[in-house]
Amino acid sequence: DGGITQSPKYLFRKEGQNVTLSCEQNLNHDAMYWYRQDPGQGLRLIYYSQIVNDFQKGDIAEGYSVSREKKESFPLTVTSAQKNPTAFYLCASSTSGSGAKNIQYFGAGTRLSVL
Amino acid sequence: GQQVMQIPQYQHVQEGEDFTTYCNSSTTLSNIQWYKQRPGGHPVFLIQLVKSGEVKKQKRLTFQFGEAKKNSSLHITATQTTDVGTYFCAGPTQGAQKLVFGQGTRLTINP
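Heads up: the sequence lines are chains A and B, in that order.
Numbers 38 to 152, taken from the numbering used here, label the letters of the first sequence in order.
Numbers 431 to 541, taken from the numbering used here, label the letters of the second sequence in order.
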């Protein structure tokens, strides 16, 4: 069953703690993305990766870090430097390149709250 | 940087009424995509428009791409409660490395 799996579905962070959100895809997509969504708001890009071992900052990268060691996996770490981490985090993937290939497929998301 | 604006931000209609959301880009787009996010869910791809002036239909949904490839619209005829959700448009940046999403239009329906 192909798709994108995000875990956990819900996550709670204590002050000063780093937490890591998992994103795995078996769609054989080159590109992967992390978005943050606040209640009633749109999608803001945190980080994206077009290829293994390479990634770029999005619009709101401060306080977050990522790695892309495998094509299938793109974990996001919310560091203690992110002072307002409570949000809905969405991971997406797509085939890379120009033209009609950049349709994004989203995971079910992780809801992060601060204790 | 490239911006995609969507209006209205919210729309509440009676079931059976029509609904339209509009999307405008600050730059010419190679294509435009529409996504739907149900309450509590994740965005799901609906359609992609590529050609200038293109019109596509999916049952009660009609999607249009402007002649200048800078604007788009989604029209729903005779809304049903299953249409509830937030509709996002998105366009690729130059080089197509990422998508720029509009802020979305949240549709609520009175049954």
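Every residue gets a Cβ at the ideal spot worked out from N, C-alpha and C, and that includes glycine.
Values in this document were obtained by computation on a predicted structure and should not be read as measured data.
Here the stretch 50-63 of chain A makes no contact with the stretch 491-508 of chain B; the two share fewer than three CB pairs at distances below 8 Å.
Going by DSSP, B/H442 is part of the beta strand (DSSP E) stretching over 440-444. From the listed residues A/G40, A/S59, A/I41, the smallest Cα separation to A/L149 is found for A/S59.
With a threshold of 16 other beta carbon atoms within 10 Å, A/M69 meets it and is buried.
Close partners of B/G515 in chain A (Cβ separation under 7 Å) are lacking, with about 13 Å as the shortest Cβ gap. Assignment of beta-bridge partners to B/A520 by DSSP yields B/Q463, B/F531. Flagged as an interface residue toward chain B: A/A145, by a C-beta distance shorter than 8 Å. By the neighbour-count criterion, in which a residue is buried when 16 or more other Cβ atoms sit within 10 angstroms of its Cβ, A/P76 is exposed. Excluding its 5 nearest sequence neighbours in each direction, B/S456 has C-beta neighbours in its own chain below 7 Å: Q432, Q433, listed in chain order.
B/P473 is bridged by DSSP to B/Q467. Looking at A/L80, A/G40, A/L48, the one whose alpha-carbon comes closest to that of B/Y517 is A/L80. The C-beta of A/F143 has 16 or more other C-beta atoms within 10 Å across all chains shown, which makes the residue buried.
Using a CB distance cut-off of 8 Å, A/I140 counts as an interface residue toward chain B.
Within chain B, the residues Q527, K528 have their CB atoms less than 8 Å from the CB of A/Y85, given in chain order. Nearest to A/G146 by alpha-carbon distance, out of B/A520, B/Q478, B/V474, is B/V474.
Checking the DSSP bridge columns, you'll see A/D91 partnered with A/I88. Contact of B/G534 with chain A by beta-carbon distance below 7 Å involves G79.
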